[in-house]
Structures are given as structure tokens and as C-alpha cells.
Amino acid sequence: MQLGATSLPDVPAETLAGLCPPRLTSEKIQERLSYIIEKDRIAGDLPRRFLEVFAAILQHTNYRQVIDNYARIPARCANCSCACQIYQRTNAPEDVPCYRSDLLLEVYRRHFTLRGIVEEHLRITPLLTDEYILEMAETYYHCTACRRCTLECPLGIDHGLVTHLARYVLSEIGLVPRALVISTRAQLEGPTRNTSAIPWPAIADSLEFLEEEIFDDKSIKVKFPIDKPDREFIFFAPVSDYLMEAETLMGIAVTLDAIGLGDAWTISSEFLDGINYGLFYSDWILERCLREEVDQAKRLRSQKILIGECGHASRSAKAFVKTFGGGRDAPPVVNIMELTHRAFKEGKIKFDPDVVTERVTYHDPCNLARSGWIVDQPRELIRAFCKDFVEMTPGGKWNLCCGGGGGTVSVDELRPYRTHVVGSKKAEQIAATGAHYVIAPCANCKKQLREVCQDNGLTDVEVVGLHDLIYKAIVLD
47 MQLGATSLPD
57 VPAETLAGLC
67 PPRLTSEKIQ
77 ERLSYIIEKD
87 RIAGDLPRRF
97 LEVFAAILQH
107 TNYRQVIDNY
117 ARIPARCANC
127 SCACQIYQRT
137 NAPEDVPCYR
147 SDLLLEVYRR
157 HFTLRGIVEE
167 HLRITPLLTD
177 EYILEMAETY
187 YHCTACRRCT
197 LECPLGIDHG
207 LVTHLARYVL
217 SEIGLVPRAL
227 VISTRAQLEG
237 PTRNTSAIPW
247 PAIADSLEFL
257 EEEIFDDKSI
267 KVKFPIDKPD
277 REFIFFAPVS
287 DYLMEAETLM
297 GIAVTLDAIG
307 LGDAWTISSE
317 FLDGINYGLF
327 YSDWILERCL
337 REEVDQAKRL
347 RSQKILIGEC
357 GHASRSAKAF
367 VKTFGGGRDA
377 PPVVNIMELT
387 HRAFKEGKIK
397 FDPDVVTERV
407 TYHDPCNLAR
417 SGWIVDQPRE
427 LIRAFCKDFV
437 EMTPGGKWNL
447 CCGGGGGTVS
457 VDELRPYRTH
467 VVGSKKAEQI
477 AATGAHYVIA
487 PCANCKKQLR
497 EVCQDNGLTD
507 VEVVGLHDLI
517 YKAIVLD
């Protein structure tokens with residue numbers, strides 16, 4: 047059995063020269079990982095705990111077949127580095143996707159294959175140490191899991207999947223950013239049942255206020271239906287939309303009313319937050335969030351799940367509701383942009399092309415576009431009401447990540463890294479379009495891109511949702 051055992055990709059020698067210092071001590075790494083661990087978190091046998099968790103996951107899930115195939119691939123061509131915007135900025139070997147993935151794959155080779163187990167017993171120095179595990183914790187949270195590198199891999203390795211699995215193992219031994227833990231705990235165990243810990247009365251007041259705003263702006267009465275049974279759609283948006291992205295929600299409500307679905311959707315007061323951070327680091331959290339959505343659909347007897355403008359909320363539901371929410375009996379999942387686009391193609395809504403006069407560009411959220419799922423639909427809508435639409439280059443499936451993907455946007459301590467390292471190429475891309483409006487139909491992308499623009503001096507750029515501008519341009523009879 048021929049297993050690859052190299053720990054570095056075959057990148058040019060001049061790139062590697064001098065870039066491989068000895069591993070840092072656990073104290074030094076711990077200082078850099080203050081956003082992940084407390085000072086006493088290293089206590090305990092990390093290698094033993096890591097291997098126990100890894101073994102359990104391999105035994106009880108279908109990860110083993112995939113990881114075993116990846117571990118057998120000897121190639122380290124580093125072709126993925128051509129697609130990684132992090133490596134393109136840092137030129138550091140630890141930022142090459144196949145190097146990062148090999149941190150976990152080498153653990154698998156040495157501890158979960160016959161050859162590796164035998165060789166590990168003959169080695170004087172073990173691979174898996176506290177320092178090695180803490181290096182993994184840092185490296186895997188430098189990745190935004192945008193999966194752009196998968197498009198370049200000639201052997202089909204999904205480095206985003208490896209990143210997710212590594213984070214999953216790390217989370218089970220307590221190595222996970224506090225920001226993600228606090229948010230998911232509030233969503234799944236707290237009294238508010240949402241990641242921002244916003245009390246329901248505040249959300250209800252906000253919705254009532256938005257109804258009044260719509261009436262003042264459009265002279266129509268539009269309702270945000272709450273706990274209405276037997277509706278076609280149950281709606282899940284990122285909870286941040288309810289207080290910080292009012293125009294997005296208003297645009298969605300007006301659109302649904304205009305296409306004849308004003309009485310066909312509802313919001314659950316018990317669980318309304320579409321955010322699912324489990325997609326980034328934990329299958330347990332992923333499953334629990336999706337089961338909550340399915341349970342609410344059953345409670346209100348809704349036929350379909352409608353996801354608002356959010357990339358990871360849409361992908362987690364679209365890809366995994368059947369896995370965790372009832373198989374063939376699980377409700378279908380629809381993204382709001384798909385619904386709006388279909389209504390537009392059927393002639394149910396019209397736009398005024400003279401309302402939005404500023405230059406507009408569109409940012410593709412990785413979780414929507416990387417697989418080719420939602421790429422053309424929003425562009426057709428934008429061209430219908432915008433005379434000055436400019437594409438980013440590259441775009442679509444090959445889009446550049448906003449820089450805050452994979453849950454990193456939630457970690458405020460990483461902001462300098464997110465905006466000046468990962469997000470710097472995105473800032474250059476936005477600046478090159480000369481656009482005033484950057485449409486980003488994703489709550490995480492909006493937050494990240496606003497910080498990118500702020501930290502990189504793009505003061506004339508306004509980051510909005512697609513339905514923000516639809517709200518401006520829609521023609522109401």
C-alpha cells in the first residue's frame with residue numbers, strides 16, 4: 047500500500063526557502079489563539095483526546111471512505127495554491143490548501159492505517175503533540191472554507207471538506223472559537239433561540255415597524271405573517287436581518303406580496319434564525335439547527351422551507367435537510383432569489399429601470415455560487431432594473447471569497463487578518479469595478495465586505511442585499 051507521507055506541497059524551492067521555522071511552543075501558539083482557547087485549556091492529554099474523537103467520527107460516519115481515498119493520493123502538486131486568495135497574498139506554505147489538508151491526512155495515515163500504525167511505533171518522536179494540534183487549530187481557522195481550491199484540484203480533493211472535518215474533531219475536544227460557541231448556544235439552548243440573543247418582543251416590534259415603513263414608502267399594507275399554519279412556505283432568514291438589514295426584509299415582504307404569495311408564507315416565533323454555524327465546524331450543530339427548522343415546518347404544517355438572503359443558511363438547508371430532516375419526507379428548500387427570479391420570468395413582477403442610477407456590481411457568496419447553484423438568477427434580476435451593472439472579475443463559480451467565510455467573520459479578533467490579508471484582493475476587485483452598490487445576498491458577506499471597504503478606504507461603496515434594490519425598483523400596481 048503506497049501512501050503519500052510528505053508534509054509539504056511541491057511548490058517552488060524559493061518559496062519554501064526560509065519559510066519553515068520550528069514549531070512554536072504551545073504557549074506561543076496559545077497566545078495567538080486567544081480567540082479560541084482560555085489559558086487553562088491546554089490542560090489534559092490533547093493527542094489522546096484528539097485520536098479518540100477522530101476514531102469515533104470515522105467509525106460512526108461516512109467520512110472514513112473519503113479521507114482514506116484522500117490519504118492514498120501521493121500527489122502534492124500545489125495546483126490549489128493558484129486558486130487560494132490567502133496563499134496568493136501571503137506566499138506562506140502553510141496557506142497552501144493541500145499543505146493544510148495534509149495536517150489532518152497525515153494523522154490519519156499514521157494512526158488509522160496498518161502501515162502508519164507500525165511505523166509510528168518505530169518512531170522516536172510522535173507526530174501528534176499539543177503543539178501540532180494547536181497549529182491545526184490556528185491553520186484551519188485561517189481557511190475560509192470557500193472551496194475555490196476544489197475547482198483547481200486535478201484529483202478532486204475537497205479541501206473545504208477536510209477543513210470542516212478537522213474543525214469538527216477540534217470542536218469535540220474544546221478547540222473552537224468562543225464567538226461560534228456563544229452564538230450557537232444562544233440559538234439552540236438560550237431563551238431567545240437565535241444567534242444574536244435578540245428577544246422575541248424586540249423582533250416583533252421591529253416587524254411591526256417595518257410594516258409601517260412599507261406603508262409610508264409604498265402606500266400598501268404588507269404583513270409579516272407570524273405563526274400562520276398551513277402556509278406554503280416557512281421563512282428562515284439570518285436573525286441579523288431583523289434589526290440590521292431592514293431593507294432586505296422589506297424587499298422580500300413586498301416581493302412576496304407582489305407575486306401573490308403574501309398569504310403563502312409565515313415566520314415562526316419559536317425558531318426563526320436561519321443561521322447554521324454547524325456547517326463551518328460541527329455536524330452535531332448542523333443537524334440540530336436543521337432539525338429545528340424541520341420541526342417548525344411540521345408544527346405549522348408548512349410545505350416548503352424558504353431561506354432568505356444568506357449563503358451558508360441556504361447551502362446548509364439545501365444540502366443537508368434530507369440527511370438530517372427526514373430523508374425523502376423532508377420539505378423542499380428554496381432560496382428567496384430563486385423564487386423572485388421565477389416570478390420575474392413568469393412576468394409576475396416588473397421593475398423601473400430608472401430608479402437605480404448608480405453603478406452596481408454583484409458579489410457571489412461562495413455557498414451559493416461555488417457549486418453553480420445560484421449564479422445567473424440574480425444577474426438577470428439586476429439587469430432588469432439597473433442600467434449600469436458591472437461584473438467583478440473573476441465572478442460566478444470562480445468568485446473570490448469575501449474573506450470572512452467559514453465562520454471567521456464572527457471572530458472579531460480576526461478582523462485585521464480578514465480585511466487586510468484574506469479580504470485585500472476582494473477590496474481590489476471591488477475598487478476595479480468603480481461601483482457604488484455592491485450587492486451581497488448573504489448576511490455574513492455583507493458584514494465582512496463592509497469591514498473590508500472600511501479598512502481598505504473604499505468609503506464611497508455601499509454594501510446591500512439584492513432585495514434592498516428590488517424594494518427600490520419594483521413596480522406595484
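Residues 47 to 523 in our numbering are what the sequence shown lists, from first letter to last.
Quick reminder that beta carbons are idealized off the backbone N, C-alpha and C, glycines included.
Outcome for residue i when other beta-carbon atoms lying within 10 angstroms are tallied against a minimum of 16
i           : result
residue 69  : Low confidence applies here, because residue 69 scores a pLDDT of 42, under 50, leaving its location unreliable; read the following figure in that light. Exposed, because fewer than 16 other Cβ atoms sit within 10 Å of the Cβ of residue 69.
residue 285 : buried
residue 511 : buried
residue 315 : exposed
residue 266 : exposed
residue 513 : buried
residue 422 : exposed
residue 261 : exposed
residue 105 : exposed
residue 400 : exposed
residue 67  : Low confidence applies to residue 67: its pLDDT is 34, below 50, so where it sits in the model is not reliable, and the reading given next is rough at best. Exposed, since its Cβ has fewer than 16 Cβ neighbours within 10 Å.
residue 418 : exposed
residue 306 : exposed
residue 521 : exposed
residue 160 : exposed
residue 245 : exposed
7 Å CB neighbourhood of residue i in its chain, flanking five on each side removed
i           : result
residue 366 : 332 and 336
residue 381 : 353, 360 and 420
residue 488 : 355, 356, 357 and 411
residue 433 : 399
residue 415 : 421, 442, 443 and 445
residue 397 : 430, 431, 519, 520 and 521
Unbroken alpha helix (DSSP H) run spanning residue i, endpoints
i           : result
residue 427 : 422 to 431
residue 300 : 292 to 304
residue 100 : 92 to 106
residue 218 : 205 to 218
residue 517 : 512 to 519
residue 164 : 160 to 168
residue 327 : 324 to 327
residue 181 : 176 to 186
residue 239 : Taken as a continuous stretch (DSSP letters only), residue 239 belongs to no alpha helix (DSSP H), as it is neither H nor E.
residue 171 : Per DSSP, residue 171 belongs to no alpha helix (DSSP H) and is neither H nor E.
Beta-carbon proximity check, residue i vs residue j, cutoff 9 Å
i           : j           : result
residue 462 : residue 501 : yes
residue 339 : residue 317 : yes
residue 346 : residue 299 : no
residue 387 : residue 427 : yes
residue 168 : residue 157 : no
residue 287 : residue 312 : no
residue 407 : residue 301 : no
residue 96  : residue 215 : yes
residue 82  : residue 208 : no
residue 196 : residue 123 : no
residue 185 : residue 211 : no
residue 402 : residue 264 : no
residue 241 : residue 248 : no
residue 130 : residue 114 : no
DSSP state of residue i mapped onto helix, strand, coil
i           : result
residue 246 : helix
residue 113 : helix
residue 197 : helix
residue 419 : coil
residue 350 : strand
residue 410 : coil
residue 3   : Nothing can be reported for residue 3: it is not among the residues displayed for the chain, which extend from 47 to 523.
residue 391 : helix
residue 268 : coil
residue 490 : helix
residue 228 : helix
residue 274 : coil
residue 321 : coil
residue 402 : strand
residue 222 : coil
residue 312 : strand
residue 509 : strand
Contacting residues, own chain, Cβ-Cβ under 6 Å from residue i (five flanking each side not counted)
i           : result
residue 412 : 192, 447 and 451
residue 509 : 484, 486, 492, 495 and 496
residue 377 : 343, 350 and 351
residue 303 : 268
Delimiting residues of the beta strand (DSSP E) encompassing residue i
i           : result
residue 280 : 279 to 282
residue 484 : 483 to 485
residue 380 : 379 to 381
Contact with chain B by residue i, beta-carbon distance below 9 Å
i           : result
residue 468 : Considering every chain present, this structure includes no chain B. It has just one protein chain.
Close-in-space but distant-in-sequence residues of the same chain around residue i (CB under 8 Å, 5 per side omitted)
i           : result
residue 252 : 288, 289 and 292
residue 515 : 297, 402, 406, 428, 431, 432, 483 and 485
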